[in-house]
Amino acid sequence: MLANFGYKDGSGDFFITVDTDGCVKCADHPCIAACPAGVLEIIVDDYDDTVCAVKDGHRKRIKYSCAPCKPATGRPELRCVAACPAAALAHSW
Amino acid sequence: MITAGIDVGAKTIKLVLLEDGRNLAQRIAPAGFDTGSALDQLWAEVLAAAGGIRRDGIACVVATGAGRKEVAGADDLVTEVGAAAKGACFLFPTARTVIDVGAEEGRAVRCGDHGKVEDFAVNEKCAAGAGTFTEAMARALEVGVEELGRMSLRASKTVPMNAQCTVFAESEVVSLLHAKTPKEDISRAVHDAIASRITSMVRKVGFQKDVTLVGGMARNPGFIDSMQRALETEVLVPAEPEFVGALGAALIAAERVNERA
Amino acid sequence: MAVEYWRWKEYNWHDPELDPRAAQVLSGGVDVGSVSSQAVIMADGKLYAYSNMRTGSDSPESARKAMEWALEGTGLAIPDVHFVVGTGYGRVNVPFAQRAITEIACHARGANFMYGPVVRTVLDMGGQDCKAIHCDDKGKVQAFLMNDKCAAGTGRGMEVMADLLSVPIEEVGSLSLSVDEEPPPVSSTCVVFAKSEASGLMRAGWPKNRVLAAYCSAMAHRVCSLLDRIGMEKEFAITGGIGKNAGVVSRLEKELGVKALKTDMDSQIAGALGAALFGRVLYVKSKE
Numbered sequence: 046m047l048a049n050f051g052y053k054d055g056s057g058d059f060f061i062t063v064d065t066d067g068c069v070k071c072a073d074h075p076c077i078a079a080c081p082a083g084v085l086e087i088i089v090d091d092y093d094d095t096v097c098a099v100k101d102g103h104r105k106r107i108k109y110s111c112a113p114c115k116p117a118t119g120r121p122e123l124r125c126v127a128a129c130p131a132a133a134l135a136h137s138w
Numbered sequence: 032m033i034t035a036g037i038d039v040g041a042k043t044i045k046l047v048l049l050e051d052g053r054n055l056a057q058r059i060a061p062a063g064f065d066t067g068s069a070l071d072q073l074w075a076e077v078l079a080a081a082g083g084i085r086r087d088g089i090a091c092v093v094a095t096g097a098g099r100k101e102v103a104g105a106d107d108l109v110t111e112v113g114a115a116a117k118g119a120c121f122l123f124p125t126a127r128t129v130i131d132v133g134a135e136e137g138r139a140v141r142c143g144d145h146g147k148v149e150d151f152a153v154n155e156k157c158a159a160g161a162g163t164f165t166e167a168m169a170r171a172l173e174v175g176v177e178e179l180g181r182m183s184l185r186a187s188k189t190v191p192m193n194a195q196c197t198v199f200a201e202s203e204v205v206s207l208l209h210a211k212t213p214k215e216d217i218s219r220a221v222h223d224a225i226a227s228r229i230t231s232m233v234r235k236v237g238f239q240k241d242v243t244l245v246g247g248m249a250r251n252p253g254f255i256d257s258m259q260r261a262l263e264t265e266v267l268v269p270a271e272p273e274f275v276g277a278l279g280a281a282l283i284a285a286e287r288v289n290e291r292a
Numbered sequence: 020m021a022v023e024y025w026r027w028k029e030y031n032w033h034d035p036e037l038d039p040r041a042a043q044v045l046s047g048g049v050d051v052g053s054v055s056s057q058a059v060i061m062a063d064g065k066l067y068a069y070s071n072m073r074t075g076s077d078s079p080e081s082a083r084k085a086m087e088w089a090l091e092g093t094g095l096a097i098p099d100v101h102f103v104v105g106t107g108y109g110r111v112n113v114p115f116a117q118r119a120i121t122e123i124a125c126h127a128r129g130a131n132f133m134y135g136p137v138v139r140t141v142l143d144m145g146g147q148d149c150k151a152i153h154c155d156d157k158g159k160v161q162a163f164l165m166n167d168k169c170a171a172g173t174g175r176g177m178e179v180m181a182d183l184l185s186v187p188i189e190e191v192g193s194l195s196l197s198v199d200e201e202p203p204p205v206s207s208t209c210v211v212f213a214k215s216e217a218s219g220l221m222r223a224g225w226p227k228n229r230v231l232a233a234y235c236s237a238m239a240h241r242v243c244s245l246l247d248r249i250g251m252e253k254e255f256a257i258t259g260g261i262g263k264n265a266g267v268v269s270r271l272e273k274e275l276g277v278k279a280l281k282t283d284m285d286s287q288i289a290g291a292l293g294a295a296l297f298g299r300v301l302y303v304k305s306k307e
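Chains as they are written, first to last, in my numbering: chain A, 46 to 138; chain B, 32 to 292; chain C, 20 to 307.
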């Protein structure tokens with residue numbers, strides 16, 4: 046399942062996508078610790094899979110939550126995306 | 032040499048007349064539906080206030096702002112980012128970060144000497160990121176925007192605001208009122224919310240001191256206070272922040288004339 | 020007292036032909052949204068009763084009221100329902116529910132029941148959020164996104180416009196379709212800007228139906244771009260309150276180039292219905 050967390054508003058599309066089919070195979074979930082802003086967490090979803098998700102409090106302000114890793118110019122590789130061994134995390138912006 | 036800068040914003044039009052770096056006259060008027068006639072009126076007022084200068088006595092006219100393309104007779108157009116940086120650094124030569132928040136757009140600019148733009152980030156097309164947000168909340172609280180700003184300074188505690196959208200925030204404010212939350216605390220929550228959004232954008236360009244706050248929102252003491260707390264640094268605010276864009280445009284106009292010469 | 024143009028009618032219904040006492044499993048679903056709440060009761064997987072009402076300031080109370088109203092006239096009380104699943108914005112606040120499941124999973128499941136196993140893309144336009152869901156033939160979610168940050172594309176956005184134009188919300192759709200020619204849309208990115216544009220159009224002499232047409236068009240476009248993110252796979256269904264707005268639905272279908280499936284059931288109960296279906300499965304599992 047592709048779980049998209051985030052929103053679209055006048056200023057753009059801001060979604061973090063978790064591919065739960067890849068995510069569920071992971072034991073450690075290093076993405077959680079890799080995020081300096083504490084955006085991600087582990088949940089048990091509706092189909093009883095243990096996967097990572099964007100915390101509820103961040104979903105409506107993800108553009109702002111992720112801003113520290115997304116400078117206006119010279120974008121480095123995103124830490125959460127780099128940490129994921131299953132390439133299950135993606136950012137839309 | 033006299034130059035003019037026109038800033039056609041979403042809500043208001045500003046016109047500044049400059050002579051060799053000295054402000055001759057400036058005026059602001061609602062943009063309304065008919066930008067053309069509003070601008071004509073503004074010209075008439077400014078020229079009269081400057082002591083009867085004639086339109087053809089102006090060496091160069093530069094326009095900026097969202098509606099700059101609608102300005103008849105502009106010699107050149109510049110972006111709001113460039114105009115804000117130029118104007119702010121003229122007023123505060125030590126400024127290296129310019130935060131410009133208007134009615135519908137907010138921008139953060141990092142600049143070098145003389146307002147040379149190094150990096151910028153813009154928050155656009157979402158009312159929650161600009162002056163429209165505070166206006167809507169002021170209406171919901173049944174006070175004027177200036178009063179809303181002053182009120183927030185009298186807050187006794189921090190109340191979280193969950194809604195990130197102006198429409199939803201209005202409902203949240205109404206709920207808070209029903210729950211007997213003091214208006215001062217709600218007002219501070221409103222200013223903290225928008226300051227948080229703007230600050231996040233400022234951090235994207237990596238701010239450097241001195242930081243200056245310009246644009247219409249900089250008139251709001253509650254917003255200034257919230258920004259200073261969010262950035263954890265003092266900000267410099269000009270006496271008439273809404274004119275900074277037009278001032279910058281007028282300064283750029285002078286540069287253009289010098290380049291031609 | 021001023022007329023509240025945005026207030027739509029609340030209702031309840033139950034099947035007078037069905038005897039709930041004869042059912043093996045009575046399952047319930049309660050969908051507490053930020054704007055409206057629905058309760059659905061199923062008897063052995065057959066739709067038995069439901070209600071649709073405005074959510075009050077207290078979520079648990081709204082959940083209880085919705086459930087009791089759905090059960091009104093049936094001779095049943097909440098404890099008679101074997102398994103209740105709570106969902107929606109306030110799903111964790113349904114005190115009498117045995118389990119909470121996300122509104123995403125419930126909407127997919129409910130749409131699968133209402134529109135059949137052919138449905139693959141579900142668009143739910145709720146009161147304060149907009150969801151785009153891909154599901155398989157069993158109603159299991161394959162992909163989703165939910166936008167509850169921004170009012171554009173939500174019922175609340177429509178309410179703002181209905182209020183501005185003093186038009187009852189149930190009439191917005193048909194009024195918007197009564198134009199001779201499609202006007203250009205207003206801002207689709209922000210309700211606040213769209214509202215101020217609409218005010219300008221009114222002052223410029225535009226009649227109400229033309230302004231509404233411009234807004235419905237903007238909303239359809241907005242929602243379309245949301246669907247772009249997860250892709251459109253046929254068949255396609257629309258649930259939620261705005262699904263009843265022909266002005267938005269017809270323009271959306273036009274822009275997508277796809278017709279939405281129709282149902283005789285009330286599309287607004289999809290979430291609660293899905294929850295009730297989950298409830299039945301969970302109850303049977305618990306007895307094994």
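The beta carbon of each residue, even a glycine, is placed where N, CA and C say it ideally should be.
It should be emphasised that the depicted structure is a prediction, and the values quoted were computed from it without experimental measurement.
- Assignment of beta-bridge partners to methionine 221 (chain C) by DSSP yields no partner.
- Burial of asparagine 264 (chain C) is indicated by the presence of at least 16 other C-beta atoms within 10 angstroms of its C-beta.
- Inclusion of valine 160 (chain C) and isoleucine 123 (chain C) in the CB contact set at 8 Å is warranted, their separation being smaller than that value.
- Burial is judged here by how many other beta carbons sit within 10 angstroms of a residue's own beta carbon; aspartate 54 (chain A) has at least 16 and is buried.
- When DSSP assignments are scanned along the region 66-111 of chain B, the uninterrupted stretches of alpha helix (DSSP H) that are 4 or more residues long and fall wholly within it turn out to be 66-80.
- Residues of the region 185-213 of chain C whose Cβ lies closer than 7 Å to any Cβ of chain A, in chain order: Thr208, Cys209.
- Contact between cysteine 120 (chain B) and glycine 137 (chain B) does not hold, since the beta-carbon distance rounds to 19 Å and is not under 8 Å.
- Just so you know, the alpha carbons of glycine 75 (chain C) and tyrosine 92 (chain A) end up roughly 30 Å apart.
- The Cβ atoms of asparagine 228 (chain C) and leucine 271 (chain C) do not sit closer than 8 Å to each other.
- In this structure, cysteine 235 (chain C) lies near valine 267 (chain C), with their beta-carbon atoms less than 8 Å apart.
- Per DSSP, the unbroken alpha helix (DSSP H) holding tryptophan 88 (chain C) starts and ends at 78-90.
- Contact check for phenylalanine 123 (chain B) and aspartate 241 (chain B): beta-carbon distance about 6 Å, within the 8 Å limit, so the pair qualifies.
- Residue range 47-54 is occupied by the beta strand (DSSP E) that includes phenylalanine 50 (chain A).
- If you look at phenylalanine 151 (chain B), you'll find it in the beta strand (DSSP E) that goes 148-154.
- In terms of CA proximity to valine 39 (chain B), B:Glu101 leads the group B:Glu101, B:Val205, B:Ala167.
- About 5 Å separates the Cβ atoms of alanine 79 (chain A) and cysteine 125 (chain A), confirming a contact at the 8 Å cut-off.
- Pairing leucine 244 (chain B) with methionine 238 (chain C), the inter-Cα distance amounts to about 35 Å.
- Look at lysine 28 (chain C) here: in three-state DSSP terms it is coil, with no helix or strand label.
- Exposure of lysine 211 (chain B) is indicated by the presence of fewer than 16 other C-beta atoms within 10 angstroms of its C-beta.
- Under DSSP, aspartate 50 (chain C) shares a beta bridge with C:Gln57, C:Thr106.
- Secondary structure of proline 121 (chain A) (DSSP, three-state): coil.
- Counted as a single uninterrupted DSSP element, the stretch harbouring histidine 153 (chain C) is not any alpha helix (DSSP H) but the beta strand (DSSP E) occupying residues 149-154.
- For phenylalanine 163 (chain C), the three-state secondary structure derived from DSSP is strand.
- Chain A has a Cβ within less than 8 Å of the Cβ of serine 227 (chain B).
- A straight-line Cα-Cα distance of about 36 Å links alanine 79 (chain B) and lysine 156 (chain B).
- Taking each of C:Met251, C:Asp283, C:Gly47, C:Pro187 in turn and checking the Cα distance to arginine 118 (chain C), the smallest one comes out for C:Gly47.
- According to the DSSP secondary-structure assignment, tyrosine 69 (chain C) is paired through a beta bridge with C:Trp32, C:Val59.
- Going by DSSP, valine 132 (chain B) is part of the beta strand (DSSP E) stretching over 128-132.
- Nearest in C-alpha terms to valine 104 (chain C), of all of C:Leu90, C:Ala58, C:Phe255, is C:Ala58.
- Close partners of arginine 127 (chain B) in chain A (Cβ separation under 9 Å) are lacking, with about 15 Å as the shortest Cβ gap.
- Two segments are said to touch when three or more pairs of C-beta atoms, one from each, lie closer than 8 Å; by this definition the region 66-75 of chain C touches the region 279-292 of chain C.
- Our two residues, glycine 174 (chain C) and alanine 261 (chain B), have alpha carbons roughly 34 Å apart in a direct line.
- Put simply, of B:Ala226, B:Ala186, B:Ser206 the residue whose alpha carbon is nearest the alpha carbon of aspartate 77 (chain C) is B:Ser206.
- Using a CB distance below 9 Å, the part of the region 51-73 of chain B facing chain C consists of Phe64, ordered along the chain.
- In this chain, the alpha helix (DSSP H) harbouring cysteine 235 (chain C) covers 227-249.
- Within chain A, the residues Gly55, Ser56 have their CB atoms less than 8 Å from the CB of glutamate 155 (chain B), given in chain order.
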